[in-house]
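Student: Going down the list, the sequences are from chains A and B. Read left to right, the first sequence gives residues 1 to 320 (my numbering). Read left to right, the second sequence gives residues 321 to 640 (my numbering). For reference, the structure I am asking about is given below.
There are 2 protein chains.
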Amino acid sequence: MAATIKDVARACGVHVSTVSRTFSAPHLVNPATRSRVLAVADDLGYRPNRAARALTTGRTFNLGLIVADISNPFFPPLIKAAQAQARGRDYHVFVADTDEDPRVEEELIRTLTKQVDGVLLCSPRLSNKMIERLAEDVPFVVINRRIKGMPAVLMNVAHGAGLALEHLADLGHRRIALVSGPIGSWTSNEMQGVAAETPGLDLVFFGPNQPTETGGLAVAPEVAACGATAVLAYNDLVALGLIEGLAAMEIGVPDRISVIGFDDILPGRLNRPKLTTVAMPAEAAGRMAVDLLLQSGGEGATVTLDTALIVRESTGKAHK
Amino acid sequence: MAATIKDVARACGVHVSTVSRTFSAPHLVNPATRSRVLAVADDLGYRPNRAARALTTGRTFNLGLIVADISNPFFPPLIKAAQAQARGRDYHVFVADTDEDPRVEEELIRTLTKQVDGVLLCSPRLSNKMIERLAEDVPFVVINRRIKGMPAVLMNVAHGAGLALEHLADLGHRRIALVSGPIGSWTSNEMQGVAAETPGLDLVFFGPNQPTETGGLAVAPEVAACGATAVLAYNDLVALGLIEGLAAMEIGVPDRISVIGFDDILPGRLNRPKLTTVAMPAEAAGRMAVDLLLQSGGEGATVTLDTALIVRESTGKAHK
DNA sequence: GCCATCGAGGCAACCGGTTGCACAACCTTG
DNA sequence: CAAGGTTGTGCAACCGGTTGCCTCGATGGC
Chain A
1 MAATIKDVAR ACGVHVSTVS RTFSAPHLVN PATRSRVLAV ADDLGYRPNR
51 AARALTTGRT FNLGLIVADI SNPFFPPLIK AAQAQARGRD YHVFVADTDE
101 DPRVEEELIR TLTKQVDGVL LCSPRLSNKM IERLAEDVPF VVINRRIKGM
151 PAVLMNVAHG AGLALEHLAD LGHRRIALVS GPIGSWTSNE MQGVAAETPG
201 LDLVFFGPNQ PTETGGLAVA PEVAACGATA VLAYNDLVAL GLIEGLAAME
251 IGVPDRISVI GFDDILPGRL NRPKLTTVAM PAEAAGRMAV DLLLQSGGEG
301 ATVTLDTALI VRESTGKAHK
Chain B
321 MAATIKDVAR ACGVHVSTVS RTFSAPHLVN PATRSRVLAV ADDLGYRPNR
371 AARALTTGRT FNLGLIVADI SNPFFPPLIK AAQAQARGRD YHVFVADTDE
421 DPRVEEELIR TLTKQVDGVL LCSPRLSNKM IERLAEDVPF VVINRRIKGM
471 PAVLMNVAHG AGLALEHLAD LGHRRIALVS GPIGSWTSNE MQGVAAETPG
521 LDLVFFGPNQ PTETGGLAVA PEVAACGATA VLAYNDLVAL GLIEGLAAME
571 IGVPDRISVI GFDDILPGRL NRPKLTTVAM PAEAAGRMAV DLLLQSGGEG
621 ATVTLDTALI VRESTGKAHK
């Protein structure tokens with residue numbers, strides 16, 4: 001099988017500790033010995049076993065990244081940014097998908113606990129209480145959720161939602177449908193909070209919904225029936241599903257109903273009509289989260305990133 | 321810190337080996353003792369350290385899954401299917417993205433080697449030789465690549481490409497552009513092979529290209545200039561980029577040029593015109609790959625999955 | 001009543017590394 | 001030339017489990 005530290009030690013007539021030091025503390029070993037060891041190691045194809053090393057040092061140089069749904073185009077850019085950032089710091093990132101299931105999420109975290117030095121939790125579906133409990137075993141950085149005393153990367157959803165509502169108000173919309181996401185989503189709560197506090201609006205809530213096209217498609221009939229002239233959707237996928245659903249009922253967007261999404265994903269840009277949306281800084285969030293995880297002694301720094309409204313073609317003057 | 325097996329042993333007055341057996345060979349321990357141990361373990365929040373266990377047993381119950389680009393919508397369904405299948409067999413899957421870079425790919429495989437029981441290699445960019453070398457250290461299943469003696473899950477690209485070309489021929493197309501993918505892609509080679517062997521066609525090759533919208537956009541001018549009335553693109557993303565690029569030059573699809581992609585991803589279904597494409601069975605591939613990896617003693621079984629042509633709106637009669 | 005059998009659990013070596021400490025050889029310095 | 005300092009390496013304990021082997025007491029058959 002693969003060569004171990006012992007094989008190398010034997011093959012060059014030194015003690016294993018010398019081989020070990022050659023790799024983890026090169027300055028402690030005589031240059032001549034070192035190069036001999038390196039030569040033999042290379043010859044045997046030796047590579048330190050990271051799991052074994054982690055056992056004594058307590059450091060794995062791995063990070064975990066847990067997302068609710070990889071197939072949501074919002075996540076891949078965040079994942080890639082996080083991986084790139086981690087790679088620059090000599091870390092590797094293991095990604096896992098929870099399928100939007102809190103039980104799977106917990107299970108994954110427990111599995112990851114001893115195999116990584118920290119976990120990035122993206123848009124978690126677990127309760128705050130559970131996350132706090134799990135945080136005793138492994139450092140976390142949470143993305144898109146505010147939990148007291150825990151490092152977090154937030155996107156300013158409230159601000160974005162405010163801009164979106166303002167934009168709709170400017171276009172003359174008063175009765176607005178709010179199509180929320182899944183239970184346990186912080187983003188969803190933020191949106192609802194802002195909307196509820198905005199004066200002069202006539203809101204209709206729909207939720208919880210699956211955060212996918214399917215979710216959007218499913219509520220389309222109800223939204224159409226409720227008399228709203230505009231919709232604020234949980235995310236772009238829901239918005240796209242909604243538009244598809246409305247189109248099937250021959251309700252034009254934005255002529256009859258205006259639609260705004262969240263995230264600014266690629267399919268939204270390619271869609272006809274091009275989607276008006278609140279852009280979320282996914283790459284920056286991925287990078288920041290890694291930095292926070294690696295630098296922080298675990299104390300709860302919180303970073304809030306800005307969002308911006310991007311007006312395209314799916315919003316227009318209110319239909320009377 | 322987290323409780324270890326020793327803490328549990330001490331707290332219930334038994335030897336560590338008894339605690340160990342309680343978890344890994346329950347039938348060897350007295351039911352009364354076992355339940356006492358379980359109670360104490362639960363109380364202390366003990367969970368076996370998987371890395372430590374792996375050190376002696378040689379099994380981690382983890383699988384690695386390496387893809388070239390997570391943000392290509394083709395992969396997420398495959399990833400999810402693989403994860404679900406693995407979960408059913410008590411395995412966990414760690415996903416990593418190589419950014420289409422063979423060096424990163426190699427690095428990732430080496431890192432993963434000792435931390436997983438096997439690796440699923442999706443559309444690798446490494447050379448066959450290198451993959452064979454790495455396979456000495458960890459079992460592989462390769463997806464979308466044929467390597468002698470190595471278990472593989474293939475999709476019948478040749479058959480799909482044949483159907484696509486036939487479809488185009490039926491529509492009267494003779495001069496056809498072949499927009500290939502990145503260097504090192506087996507899929508790309510298969511496509512070219514079939515096309516070259518199909519009689520009666522007038523082929524123009526373009527490549528290598530980035531396997532993304534950007535890649536498609538970039539070749540659009542050349543494709544437009546080459547006089548072809550139809551295009552077979554490396555994948556749907558390239559096809560979409562191409563259509564976008566042609567649209568910018570006011571060249572209508574399918575009126576002036578017909579376009580066929582590969583994969584059948586969601587954005588292709590939402591696009592106007594809806595994309596004609598060769599559907600690849602991504603979920604089935606993910607599941608099969610996991611099965612192959614877990615069951616096979618490593619001997620090179622190869623599974624080939626069927627592809628199908630899905631005719632939508634991006635292909636039409638040849639423009640004279 | 002004796003011996004073979006069996007179930008339960010302890011002992012200790014081992015997986016592949018890391019690291020504090022000891023020690024020997026060599027080098028300074030006064 | 002003795003005292004004190006460096007440098008390079010070996011020794012052995014340790015990380016958190018697993019597992020082959022052994023012991024011990026209880027049971028059962030004859």
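Even for Gly, the Cβ is constructed at its ideal location relative to N, Cα and C.
(1) Interface residues of chain A around residue 371 of chain B at Cβ under 7 Å?
(2) Going straight from the alpha carbon of residue 314 of chain A to that of residue 561 of chain B, what length do you get?
(3) Cutting at 6 Å between CB atoms, please list the residues of its own chain near residue 483 of chain B, excluding the five before and the five after it.
(4) Using a Cβ cut-off of 9 Å, pull out every chain A residue sitting near residue 611 of chain B, in sequence order please.
(5) Return the CA-CA distance between residue 519 of chain B and residue 601 of chain B, expressed in angstroms with no decimal places.
(6) With a threshold of 8 Å between beta carbons, is residue 403 of chain B in contact with chain A?
(7) Go ahead and label residue 320 of chain A buried or exposed: buried means 16 or more other beta carbons lie within 10 angstroms of its beta carbon, across all protein chains shown.
(8) Count the C-beta pairs between the stretch 106 to 116 of chain A and the stretch 363 to 383 of chain B that are closer than 8 Å, then say yes if the count reaches three, no if not.
(9) Can you check DSSP and say which residues form a bridge with residue 365 of chain B?
(10) Please name the residue, chosen from B/451, B/466, B/607, that lies closest to residue 459 of chain B on a Cα-to-Cα basis.
(11) Could you name the residues of the same chain whose beta carbon sits closer than 7 Å to that of residue 547 of chain B, not counting the 5 residues immediately before and after it, in chain order?
(12) Does any residue of chain A have a CB that is nearer than 8 Å to the CB of residue 431 of chain B?
(13) By a C-beta neighbour count over all protein chains shown, 10 Å radius and 16 as the cutoff for buried, is residue 322 of chain A buried or exposed?
(14) Three or more C-beta pairs under 8 Å: does that hold for the stretch 549 to 567 of chain B against the stretch 488 to 508 of chain B?
(15) Mind listing which residues of the stretch 66 to 79 of chain A have their C-beta closer than 9 Å to chain B's C-betas, in chain order?
(16) Would you mind giving the Cβ-Cβ distance between residue 481 of chain B and residue 93 of chain A, rounded to the nearest angstrom? I have them listed as a contact below 8 Å.
(17) Who are the near neighbours of residue 63 of chain A in its chain, counting only those whose CB is closer than 6 Å to its CB and skipping five residues on each side?
(18) CB residue 71 of chain A to CB residue 400 of chain B, shorter than 8 Å?
(19) DSSP on residue 335 of chain B, reduced to helix/strand/coil?
(20) Using a Cβ-Cβ cut-off of 8 Å, state whether residue 23 of chain A counts as contacting chain B.
(21) Extract the residue ranges of the beta strand (DSSP E) inside the stretch 587 to 631 of chain B, only unbroken runs of 3 or more that lie entirely within it.
(22) Closest to residue 120 of chain A by C-alpha separation, out of A/145, A/65, A/75, A/229, would be which residue?
(23) Got a sec: which bits of the stretch 81 to 107 of chain A sit with their beta carbon under 8 Å from any beta carbon on chain B, in order along the chain?
(24) Do the stretch 32 to 39 of chain A and the stretch 12 to 21 of chain A meet, that is, are 3 or more Cβ pairs less than 8 Å apart?
(25) Look at residue 250 of chain A and residue 213 of chain A and say whether their C-beta atoms are less than 8 Å apart.
(26) For residue 418 of chain B versus residue 388 of chain B, is the C-beta distance shorter than 8 Å?
(27) Whose Cβ in chain B lies nearer than 8 Å to the Cβ of residue 267 of chain A?
(28) Using the Cβ count rule (16 or more neighbours within 10 Å means buried), how would you classify residue 486 of chain B?
(29) Secondary structure at residue 406 of chain B, three-state DSSP: helix, strand or coil?
(30) Grab the span of the beta strand (DSSP E) containing residue 232 of chain A for me, first residue to last.
(31) Nearest to residue 597 of chain B by alpha carbon, out of B/541, B/607, B/366, B/586?
(32) In chain order, what residues of the same chain lie with their CB nearer than 6 Å to the CB of residue 287 of chain A, ignoring the 5 residues before and after it?
(33) Say whether chain B places a C-beta atom closer than 8 Å to the C-beta of residue 47 of chain A.
(34) For residue 577 of chain B, which three-state DSSP category applies?
(35) Taking residue 236 of chain A as part of the alpha helix (DSSP H), name the residues at either end of that continuous run.
(36) So which residues on chain A does residue 322 of chain B lean against when the C-beta distance must stay under 7 Å?
Tutor: Let me lay it out:
(1) Taking the first residue of the second sequence as position 1, residue 371 of chain B is located at position 51. Residues of chain A whose Cβ lies closer than 7 Å to the Cβ of residue 371 of chain B are, in chain order, 51, 54, 55, 114, 115.
(2) Here residue 314 of chain A refers to the residue found at position 314 when the first sequence is read from its first residue. Here residue 561 of chain B refers to the residue found at position 241 when the second sequence is read from its first residue. Each residue's alpha carbon lies about 22 Å from the other.
(3) Stepping through the second sequence from its first residue, residue 483 of chain B is reached at position 163. Contacts found: 629.
(4) Along the second sequence, one-based indexing puts residue 611 of chain B at 291. Going along chain A, no residue has its Cβ under 9 Å from residue 611 of chain B, so there is no contact; the nearest lies around 19 Å.
(5) Here residue 519 of chain B is taken as the residue at index 199 of the second sequence, counted from 1. Here residue 601 of chain B is taken as the residue at index 281 of the second sequence, counted from 1. A straight-line Cα-Cα distance of about 28 Å links residue 519 of chain B and residue 601 of chain B.
(6) As a position in the second sequence, residue 403 of chain B is number 83, starting the count at 1. Between residue 403 of chain B and chain A, the shortest Cβ-Cβ separation is below 8 Å.
(7) On the first sequence, position 320 is the one that residue 320 of chain A refers to. Per the 10 Å Cβ criterion, exposed.
(8) These segments touch.
(9) For this step, residue 365 of chain B is matched to residue 45 along the second sequence. DSSP, once it has assigned bridges, lists no residue as partnering residue 365 of chain B.
(10) Within the second sequence, residue 459 of chain B is the residue found at index 139, counting from 1. With respect to the C-alpha of residue 459 of chain B, the residue from B/451, B/466, B/607 having the closest C-alpha is B/451.
(11) Locating residue 547 of chain B in the second sequence gives position 227, where the first residue counts as 1. Only 495 meet the Cβ criterion.
(12) In the second sequence, the residue the question calls residue 431 of chain B occupies position 111. The Cβ of residue 431 of chain B sits closer than 8 Å to at least one Cβ of chain A.
(13) Examination of residue 322 of chain A is not possible in this model, given that chain A is present from 1 through 320 alone.
(14) The stretch 549 to 567 of chain B makes contact with the stretch 488 to 508 of chain B; the number of CB pairs closer than 8 Å reaches 3 or more.
(15) Cβ contacts with chain B come from 69, 70, 71, 72, 73, 75, 76, 77, 79.
(16) Translated into the one-based positions of the second sequence, residue 481 of chain B becomes position 161. Translated into the one-based positions of the first sequence, residue 93 of chain A becomes position 93. About 35 Å separates the Cβ atoms of residue 481 of chain B and residue 93 of chain A, ruling out a contact at the 8 Å cut-off.
(17) On the first sequence, position 63 is the one that residue 63 of chain A refers to. Close CB contacts of residue 63 of chain A within its chain, under the 6 Å cut and outside five residues either way in sequence, are with 86, 91, 93, 116, 118 (chain order).
(18) Here residue 71 of chain A refers to the residue found at position 71 when the first sequence is read from its first residue. Here residue 400 of chain B refers to the residue found at position 80 when the second sequence is read from its first residue. Judged by beta-carbon spacing, residue 400 of chain B lies within the 8 Å limit of residue 71 of chain A, meaning their Cβ atoms are closer than that value.
(19) What you label residue 335 of chain B is simply residue 15 of the second sequence in a count that begins at 1. Coil at residue 335 of chain B, not helix or strand.
(20) Along the first sequence, one-based indexing puts residue 23 of chain A at 23. No, residue 23 of chain A does not count as interfacial toward chain B.
(21) If only uninterrupted beta strand (DSSP E) runs of at least 3 residues are considered, those enclosed by the stretch 587 to 631 of chain B are 596 to 599, 622 to 625, 628 to 630.
(22) The residue given as residue 120 of chain A occupies position 120 in the first sequence. If you compare the alpha carbons of A/145, A/65, A/75, A/229 with that of residue 120 of chain A, the shortest gap goes to A/65.
(23) From the stretch 81 to 107 of chain A, only 83, 84, 87, 92, 93, 94, 95, 96, 97, 99, 104 have a Cβ closer than 8 Å to chain B.
(24) As far as the Cβ criterion goes, the stretch 32 to 39 of chain A touches the stretch 12 to 21 of chain A, which means the pair count is three or higher.
(25) Taking the first residue of the first sequence as position 1, residue 250 of chain A is located at position 250. Taking the first residue of the first sequence as position 1, residue 213 of chain A is located at position 213. Cβ atoms of residue 250 of chain A and residue 213 of chain A: not closer than 8 Å.
(26) As a first step, residue 418 of chain B is located in the second sequence; it is residue number 98 there, counting from the start. As a first step, residue 388 of chain B is located in the second sequence; it is residue number 68 there, counting from the start. Yes, these two residues count as a Cβ contact at 8 Å.
(27) Taking the first residue of the first sequence as 1, we reach residue 267 of chain A at position 267. Near residue 267 of chain A (Cβ distances below 8 Å), the residues of chain B are 586, 587, 590.
(28) Translated into the one-based positions of the second sequence, residue 486 of chain B becomes position 166. By the neighbour-count rule (16 or more Cβ atoms within 10 Å), residue 486 of chain B is not buried but exposed.
(29) In the second sequence, counting from the first residue as 1, residue 406 of chain B sits at position 86. Three-state result, residue 406 of chain B: helix.
(30) As a position in the first sequence, residue 232 of chain A is number 232, starting the count at 1. Residues 230 to 233.
(31) For the purposes of this step, residue 597 of chain B is taken as the residue at position 277 of the second sequence. The shortest CA-to-CA distance from residue 597 of chain B to any of B/541, B/607, B/366, B/586 is the one to B/586.
(32) By 1-based counting over the first sequence, the position of residue 287 of chain A is 287. Closer than 6 Å at Cβ, skipping near neighbours: 81, 85.
(33) The sequence position of residue 47 of chain A within the first sequence is 47, counting from 1. Taking Cβ atoms only, chain B reaches closer than 8 Å to residue 47 of chain A, which makes this a yes.
(34) Along the second sequence, read from residue 1 onward, the residue named residue 577 of chain B stands at position 257. Correct three-state label for residue 577 of chain B: coil.
(35) Here residue 236 of chain A is taken as the residue at index 236 of the first sequence, counted from 1. Counting along the chain, residue 236 of chain A sits inside the alpha helix (DSSP H) bounded by residues 236 to 248.
(36) One-based indexing of the second sequence puts residue 322 of chain B at position 2. For residue 322 of chain B, the chain A residues whose Cβ falls inside 7 Å of its Cβ are 137, in order along the chain.
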